[in-house]
Amino acid sequence: MRVIGIDPGLRNLGWGVIEADGVRLRHVANGVCQSDASGSLAIRLLELHQQLTNVFMQYRPVTAAVEQTFVNKDAVATLKLGSARGIALLVPAQAGLEVGEYAPNAVKKAVVGVGKAAKEQVEHMVRMQLPGVHIVGPDAADALAIAICHAFHAQSARAFAAASARA
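Counted the way this note's numbering counts, the sequence shown spans residues 157 to 323.
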């Protein structure tokens, strides 16, 4: 199963693609879509949409996951981040994929085992679970963690469905 994880951001939108075969995970690719901070919001969203669409066309994931956003003290920044998150949800939907959504602490708990883990801990555990991976940056590391989280949840859901069918 090819999984893409997306870490929404207006300036840097991280993405990571993995292959999941049962409990085995393999790194496929990761990167960051970037928008020009001097451009209008509409142009920046268009840039992110085009870049992420190209990633989907190149790597052909079969399932996707996006990190949920949190509300911070700056309402304007939260709204802009929400717009970028809209792109992160739209592109997989255009590809016909269902999208899993995970809170940041759920991703950390799935990858590190602790919901309050530091970014460095998350990146370290991503490296441990995907040996030999070259991570492009912190946003790509977060995206790979989201993909790993989604792969674990999908595996659990399949096991539960199989057990339910047998019962």
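Yeah, the Cβ is synthetic: ideal placement off N, Cα and C, and Gly gets one too.
Predicted model, so just to flag it, every value in this text is computed and none were measured.
Leaving out five residues on either side along the sequence, give the residues of the same chain with a beta carbon under 6 Å from the beta carbon of residue i.
i    : result
E279 : A297
M281 : V267 and V268
Give a yes or no on whether the C-beta atoms belonging to residue i and residue j are separated by under 8 Å.
i    : j    : result
G256 : A221 : yes
V292 : V188 : yes
P217 : V173 : yes
L204 : I243 : yes
I304 : L181 : yes
M157 : A251 : no
E223 : V184 : no
Grab me the residues of residue i's own chain with a C-beta within less than 8 Å of its C-beta, minus the 5 sequence neighbours each way, in chain order.
i    : result
G249 : A quick correction: the sequence has Ala, not Gly, at residue 249. Taken in chain order, the residues that qualify are V255.
A193 : R167 and R200
So residue i and residue j are in contact, right, with Cβ under 8 Å, and what is the actual spacing, rounded?
i    : j    : result
S191 : L166 : 6 Å
Opposite residue i in the DSSP bridges: which residues?
i    : result
L169 : C189
L181 : A176
V292 : According to DSSP, V292 bridges with nothing at all.
D163 : G170
R158 : E175
Go through its chain and collect everything with a Cβ distance to residue i's Cβ below 7 Å, but skip five positions before and after it.
i    : result
N168 : V188, Q190 and D295
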